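In the UniProt record's numbering, the protein residues as written are 1 to 209.
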C-alpha cells in the first residue's frame with residue numbers, strides 16, 4: 001500500500017495518467033493503494049480525480065500524482081487538458097470484457113499524441129475472475145508497441161505494485177530501485193485461473209503465512 005496524505009513532502013513527484021474504459025478497475029486499483037482495502041462498490045469517476053501516492057524506495061521517497069480519468073472522456077474534448085504534462089501512464093483493461101482490450105489502441109494513440117515519449121505500462125486487470133475473456137496468449141498489443149505488460153488483480157493483490165515499481169525505475173533511471181516497505185494489504189482470496197507464476201507464488205505465500 002502506498003503512503004497517502006503526506007503534507008509538504010520534498011520528494012520527486014511525477015504526474016501519472018491512468019486511462020482505460022469505464023469499469024476496468026482504475027479507481028479500485030488506486031484506492032487499494034491508498035487504503036489497503038478492496039472496495040467492492042464505488043461511484044464511477046466523473047471527469048478526473050487526483051490521488052497522491054507516495055512510495056518509500058531504497059533511494060528515498062517518490063510520489064505519483066495519479067490522474068484517474070473517467071472512461072468516457074474519449075468522447076469529449078477534455079482528455080488533452082488532463083494529459084498535458086503527463087510524465088508516465090498506465091493503460092488498464094478488464095480481462096473479462098473483450099471490448100476494453102479492443103479500445104487499448106485508442107487510449108494509447110491519445111496518450112502518445114499529447115505525451116509523446118513517456119513510459120507506459122499496460123495492465124490486464126481482474127485476473128481473479130474465472131470467466132475471463134482475454135487470455136494471456138491473446139494479449140499482443142504491448143509487444144507491438146514495446147510496452148511493459150502486467151496481469152494483475154486489485155482484489156487478490158496480484159502484481160499489485162509492479163506497475164508503479166516499473167515506472168519508478170524508468171523515471172529514476174535506476175533498474176535496481178526497489179520499494180523498501182511491504183504493502184499493508186488484506187490477504188488475497190484463493191482462486192484458480194490462467195495466471196502467471198508471480199501471482200501463484202504470491203497466493204501461496206499469503207495462504208501459508
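Quick reminder that beta carbons are idealized off the backbone N, C-alpha and C, glycines included.
Remember, predicted model here, so these are calculated numbers, not experimental data.
Just measuring C-alpha positions, the residue of 15, 16, 20 sitting nearest residue 105 is 20. Under the Cβ criterion (8 Å, minimum of three pairs), the stretch 57-71 does not count as touching the stretch 148-162.
In this structure, the beta-carbon distance from residue 119 to residue 88 falls below 7 Å. For residue 169, there is no enclosing beta strand (DSSP E); the enclosing alpha helix (DSSP H) has its first and last residue at 162-172.
Rounded to whole angstroms, residue 62 and residue 159 show a C-alpha spacing of 19 Å. Shortest Cα-Cα distance from residue 93 to any of 49, 127, 81, 145 involves 127. Rounded to the nearest whole angstrom, the C-alpha separation of residue 85 and residue 115 is 7 Å. For residue 136, the secondary structure class from DSSP, reduced to helix, strand or coil, is helix.
Contact between residue 14 and residue 154 does not hold, since the beta-carbon distance rounds to 21 Å and is not under 8 Å. Beta bridge pairing from DSSP links residue 115 with no other residue. Beta-bridge partners assigned by DSSP to residue 52: 65. When beta bridges are read from the DSSP output, residue 151 appears opposite 124.
In this structure, DSSP gives residue 30 a helical state, which the three-state scheme calls helix. Remark: C-beta atoms of residue 24 and residue 96 do not approach each other more closely than 7 Å.
According to the DSSP assignment, residue 144 belongs to no beta strand (DSSP E) but to the alpha helix (DSSP H) extending over 141-145.
Judged by DSSP secondary structure, residue 13 falls within the beta strand (DSSP E) whose first and last residues are 13-19. Taking residue 113 as reference, the option from 17, 60, 80 with the minimal CA-CA separation is 80. Rounded to whole angstroms, the Cβ separation of residue 17 and residue 83 is 6 Å, and the two are in contact under 8 Å.
Nearest to residue 181 by C-alpha distance, out of 145, 110, 10, 59, is 59.
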